[in-house]
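In the UniProt record's numbering, the protein residues as written are 1 to 145.
Written as C-alpha cells, this is what we have:
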C-alpha cells in the first residue's frame, strides 16, 4: 500500500484542482499544492506521518502566502466593479419594465437593470446608474431620447 500511496495523493490533488475550477473562491488550490507535495514524498518513500505533516504545513503556508499574493495582485477588497458604475450613464439595450430586468450598456459592458421607480424604459433611452444590487444596476431615465 505504501508504494501506491502517491496515487491516492495524486487523486486528492486532482480532485482539489477540479473543486477549485468549479468554485468561485480561491481556496482549494492551496490544499492541492499540499497534496502534490505529499504525493512527491510518498513517491520517494517517506512515511505516512511525514506525508500528512507536509500536506498540512505546505497547505497552510500556501494558503497564507498565496492568499496574500492574490489579494495584493488582484487588489481584492477594493471597490467592487459594480460600484464603479454608479453615476455613469448608459443606453438601454433591452426594455426595462416594472417586473422584469432589462439591459443597459455602460462602460463597454452589458448590465441587467431595473428602474429606480419601477417605470418602463424603452430601448435607446439614456439612463443614469443610481445604485447597484449585486450584479444588477438600478437606473433612472435622464431625459435623453
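Cβ atoms here follow ideal geometry from the backbone N, Cα and C, with glycine treated the same way.
**Message:** Classify residue 107: buried if its beta carbon has 16 or more other beta carbons within 10 angstroms, exposed otherwise.
**Reply:** exposed
**Item:** Cβ-based burial, residue 87 [other Cβ within 10 Å; buried from 16]
**Value:** exposed
**Item:** beta strand (DSSP E) runs contained entirely in the UniProt domain "NfeD-like C-terminal" (85 to 141), provided each spans 3 or more residues
**Value:** 89 to 94, 102 to 106, 109 to 115, 126 to 133, 136 to 141
**Asked** Taking contact to mean at least 3 C-beta pairs separated by less than 8 Å, is the stretch 13 to 29 in contact with the stretch 46 to 57?
**Response** no
**Prompt:** For residue 67, which option in 118, 26, 99, 136 has the closest C-alpha, if you only look at C-alpha atoms?
**Reply:** 26
**Asked** Out of 142, 130, 41, 138, which has the shortest C-alpha to C-alpha gap to residue 124?
**Response** 142
**Message:** Here's the rule I'm using: 16 or more other beta-carbon atoms within 10 Å means buried, otherwise exposed. How should residue 73 be labelled?
**Reply:** exposed
**Message:** With the cut-off set at 9 Å, would you say residue 116 and residue 85 are in Cβ contact?
**Reply:** no
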